Structures are given as C-alpha cells and as structure tokens.
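Numbering (the working numbering), first residue to last: 2 to 405.
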Amino acid sequence: MDFLQDAISTVHDYRPVDDSQLESFNHRLKQRSTAVLIPCLFDELRRQALSMTREVLRRFTNLHCLVVALAADKVEEVEEARRFFADLPFNVQVLWTNGPVVRELMQQTQAGGLDVMGPAGKGWAVWQGLGVATLESELIALFDADIRTFSSTYPMRMLSPLLERQFGIAYVKAFYSRLSIEEGRMHGRATRLFVSPILESLQQLVGPKDFLRYLQAYRYPLSGEFAFTTDLALNLRIPCDWGLEVGLLSEVYRNVTIGRIAQVDLGVFDHKHKEVGSAPKEGLQRMCGEILASLMRAMMEHEATALSVEQASALEVMYKRIAKDRVSQHHLDAAINGLPYNRHEEEKAVNCFAKLIRPCWRAFMDRPAGFRLPSWTRSLAFNPNLREELLAAGLKLPQPVLSV
Numbered sequence: 002m003d004f005l006q007d008a009i010s011t012v013h014d015y016r017p018v019d020d021s022q023l024e025s026f027n028h029r030l031k032q033r034s035t036a037v038l039i040p041c042l043f044d045e046l047r048r049q050a051l052s053m054t055r056e057v058l059r060r061f062t063n064l065h066c067l068v069v070a071l072a073a074d075k076v077e078e079v080e081e082a083r084r085f086f087a088d089l090p091f092n093v094q095v096l097w098t099n100g101p102v103v104r105e106l107m108q109q110t111q112a113g114g115l116d117v118m119g120p121a122g123k124g125w126a127v128w129q130g131l132g133v134a135t136l137e138s139e140l141i142a143l144f145d146a147d148i149r150t151f152s153s154t155y156p157m158r159m160l161s162p163l164l165e166r167q168f169g170i171a172y173v174k175a176f177y178s179r180l181s182i183e184e185g186r187m188h189g190r191a192t193r194l195f196v197s198p199i200l201e202s203l204q205q206l207v208g209p210k211d212f213l214r215y216l217q218a219y220r221y222p223l224s225g226e227f228a229f230t231t232d233l234a235l236n237l238r239i240p241c242d243w244g245l246e247v248g249l250l251s252e253v254y255r256n257v258t259i260g261r262i263a264q265v266d267l268g269v270f271d272h273k274h275k276e277v278g279s280a281p282k283e284g285l286q287r288m289c290g291e292i293l294a295s296l297m298r299a300m301m302e303h304e305a306t307a308l309s310v311e312q313a314s315a316l317e318v319m320y321k322r323i324a325k326d327r328v329s330q331h332h333l334d335a336a337i338n339g340l341p342y343n344r345h346e347e348e349k350a351v352n353c354f355a356k357l358i359r360p361c362w363r364a365f366m367d368r369p370a371g372f373r374l375p376s377w378t379r380s381l382a383f384n385p386n387l388r389e390e391l392l393a394a395g396l397k398l399p400q401p402v403l404s405v
C-alpha cells in the first residue's frame, strides 16, 4: 500500500469511490457552483470516448454548467456539436473557439493592445473556456475529450478536495496509471521517459531547487486533468503549445502556496497515444522539445537559473544515463506485472529525446520569453466586459450569405 506524501498533498485511492456516492456528491455540488470545461476538436464527436464522457456527466444533475471549447471548420459542425450535448440536465455552452465571430473579436482586442491571438490549439481553447466558465462558477474542472476510461469517479475525486472548504485547497491535479485498454501496455512516455529523468538531471546539474522539487512532487506532471477555484483560474497565464501542462504548473506555483495544492489518484487511465515521430517537429519529439522550453523558462522565472552551453551538453549526457536507468526499471515493473514491454523501442525513444536537448536549448535562448495568453485578471483590466463579449461571440453563428 502506498502511503507516500511529499511536498504536495496526495489523495490516494484507498477506498475507491463508486456510483453509490453520486447522490451525496450531487448534494455537495449545490454548495459551490461548479463548471466542467472540455476543450474539444470536432472529430472527437465521432469517437466513443466523448460519448462516454457525456453519458457519465449526465449523472451530475447539480453541475452548474458544461463549457465545451470547440474547434470546428464550419457552422454545420458546431450545430452538430450542440445537438450532441443538447439534452444534458444542466446548462451547456458550446463555444466555437476558432469561428469567424470569435476571431473578429480577438483581432479587435489585439488591435486595441492586448495580445490574445494565440495559435488555435488547446491552449487558446482553454483560455477562452476559462473566460466563460469563470463568469458564474466558483470551481472549474478540466477534462480532455479523448478519455476512454472516463467514469463518475473522475469528477468526484478531482472536485472533492475543492468542495471541502476546510482544507483550503485551490488546485487539484490528477495522476493515474497510463495503461492501454486493449493490451495493458505502459504509455505516458513523455512523462516516464522524458520529464521525470530530465527533472532528476536538472536537480543534479544545478543543485537542489525549490521549483524542481515542486515539479518532482507531482506523480504525473503532464496530466491534462485538473480542477481549481475561479480566483486562481483568473490569474493564470496560459501557454499555447505542448508546454501547456508544465507552464500551468509554473503559474500555479507563482500564484498559490504548495499547501493549497493536492493531487488525486484516478486509477487506470487511457486516452489517445502519440507516436514518437520521425523528426524533431513531429509527435512526442515536438511535445518534449516544447516541454523542455517551458521548463527552462520556468527555471528562469522562479530560480533565476539559465543553462550555459556547457551545462546544456552535460544535460544531454546526464539525461540519457538517467532515462536509460528508468527504462531498466520500467522493464522490471512490466515483466513482474505481466505487461508487454518493448525495451528496444523505449531506448530508441530516449535516444531521440536526448538529441533534442541542445537544439532546443539554442532555440530557447534566442527567444526565452516565449508567448503566453494574458491572465483573465489582466484581460478584464483591458476590457471589463471581455468575458461576456467572448461568450456571445462563441455562441453566435454567422448568417449564410444569400445569393441574389
């Protein structure tokens, strides 16, 4: 039995939550208005995972609202998405985050002096969704749209630490075992084979740092599932690349004390898996490069620490050694548990990730500040009505042009 606690309070899965506790949890949802935010590509509506998520959420009758931050190519797709979520027992707002009306509003805002024109990816969708969700909700939980194991325990376990006011928790991060449903194969390679060994390498290279210890206390720092209070959500700057999760953890570190953070075990978890990719700008290689840039930026912000040329080279060597030690450990873990494990492919992935380190360092040093969408607190100082205008724009569909 794992009783381990670290710098971040850990809620273990000692007594699994089940559907018998739904009635009690729904009653607790009345205490604090709560929104669920799902950033979503239109293609996800064609997959079973999002249908499962919708049916599970249907049971949370006292949820205040569901905000779906949708990326779609045309009006018909938005209309289909709204029909998909239409009969849920709470308010649903499907925002067309990359639609022409939202783009026009964002371009006007940008022209007025607030830099909000991020690339149309998950970060931009999350930023828009948070703007809308914070209008009326005290708590917000974010889930990806591709979770193949979604169950009622996920919202209950993630939101419970926030609903219990006595503990003063402001941010909850999920962790889990990434195992594929079909094979029971280990996934989560970006965390297992890159982030975990790179953090250990940095600790050895630059010495003990509070921020690095903070990140290492998370069991799954790249999990895309988290929940927080509205006052925290309003004060987070949102990255717009694959460094989103690490960048958000950096923002949380900047805004709240560690005593107000918790992580919660969700058990076994499966969603879409990325390939390593055949080039640095593809698949997991691109993801790991952007994660490293986000990590180096956070080290500058929180520890005033930047790597030298020599340290970047040393980091590559140290990472490769530590990561291959981790591969050996994962191999043992998989073997004893009877899980399939391709050690050759895992070591190939480590070699690919190691080759990213020095090029990524050079690219980062040329543009260390990077880009993050402004916090909503700052955005509202620019335009106090921006959230309401964004909600209206996200819900409005452009009228078809009639030919004469």
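Note that the Cβ used here is the ideal one computed from N, Cα and C, for glycine as well. A quick note: this is a predicted structure, and the numbers were derived from the prediction, not measured.
Just to confirm before moving on: does the CB-CB distance between residue i and residue j stay below 9 Å?
| i | j | result |
| --- | --- | --- |
| Leu131 | Leu235 | yes |
| Glu226 | Phe91 | no |
| Asp211 | Glu304 | yes |
| Leu267 | Tyr177 | yes |
| Ile39 | Gln264 | no |
| Val95 | Met107 | no |
| Trp128 | Gly119 | yes |
| Ala175 | Ile262 | no |
| Asp19 | Arg60 | no |
| Arg158 | Val269 | no |
| Leu333 | Trp362 | no |
| Leu194 | Val351 | yes |
| Gly308 | Leu206 | Checking the sequence shown, residue 308 turns out to be Leu, not Gly. Result yes, Cβ atoms of Leu308 and Leu206 sit closer than 9 Å. |
| Ser153 | Leu23 | yes |
| Phe43 | Ala82 | yes |
| Pro222 | Leu250 | yes |
| Leu1 | Arg33 | Because the chain in this structure spans residues 2 to 405, residue 1 falls outside the shown range and cannot be described. |
| Val173 | Phe229 | yes |
| Glu283 | Asp147 | no |
| Lys349 | Pro281 | no |
| Arg373 | Arg238 | yes |
| Leu398 | Val79 | yes |
| Gln409 | Leu245 | Residue 409 lies beyond the stretch modelled for the chain, which goes from 2 to 405, so this question has no answer here. |
So who's on the other strand from residue i, going by DSSP bridges?
| i | result |
| --- | --- |
| Asn92 | Cys66 |
| Lys123 | Its beta-bridge partners do not exist; DSSP assigns none. |
| Lys174 | Phe227 and Gln264 |
| Cys41 | Leu71 |
| Leu143 | Leu38 and Phe227 |
| Val328 | Answer is none; Val328 lacks a bridge partner. |
| Val269 | Ser178 |
| Trp97 | Leu71 |
How would you call residue i, buried or exposed, if buried means at least 16 neighbouring beta carbons within 10 angstroms?
| i | result |
| --- | --- |
| Met98 | First, the residue type needs correcting, since residue 98 is Thr and not Met in the sequence shown. Buried. |
| Thr54 | buried |
| Thr35 | buried |
| Asp232 | exposed |
| Thr110 | buried |
| His28 | exposed |
| Ala313 | buried |
| Ala393 | exposed |
| Val405 | Here the model assigns Val405 a pLDDT of 48, short of 50, so the residue's position is not dependable, and the following value carries that caveat. Val405 should be labelled exposed. |
| Gly248 | buried |
| Ser197 | buried |
| His65 | buried |
| Lys321 | buried |
| Lys123 | buried |
| Leu30 | buried |
| Ala336 | exposed |
| Arg47 | exposed |
| Leu285 | buried |
| Ile358 | buried |
| Asp3 | exposed |
| Ala87 | exposed |
| Glu347 | buried |
| Pro156 | buried |
| Val133 | buried |
| Leu213 | buried |
| Tyr15 | exposed |
Does the beta carbon of residue i come closer than 9 Å to any beta carbon on chain D?
| i | result |
| --- | --- |
| Phe195 | Here there is only one protein chain, and chain D is not present. |
The stretch 277-292 touching the stretch 179-199, judged by at least three CB pairs closer than 8 Å: They touch, by the three-pair rule.
Alpha helix (DSSP H) runs contained entirely in the stretch 345-402, provided each spans 4 or more residues: The stretch 345-402 is shown to contain whole alpha helix (DSSP H) runs of 4 or more residues at 377-383 and 387-396, in chain order.
Whole runs of the beta strand (DSSP E) within the stretch 178-253, excluding any shorter than 3 residues: Fully enclosed beta strand (DSSP E) runs of 3 or longer: 227-230.
Sequence ranges, beta strand (DSSP E) only - wholly within the stretch 10-55, length at least 3: 10-12 and 35-42
Sufficient close CB pairs (3 or more, under 8 Å) joining the stretch 60-75 to the stretch 37-51: Under the 8 Å Cβ criterion, the stretch 60-75 counts as touching the stretch 37-51, having at least three qualifying pairs.
Segment contact, 8 Å Cβ cut-off, at least three pairs: the stretch 368-387 with the stretch 288-304: Touching, per the Cβ criterion.
Segment contact flag, the stretch 377-384 with the stretch 314-328, C-beta cutoff 8 Å, min 3 pairs: no
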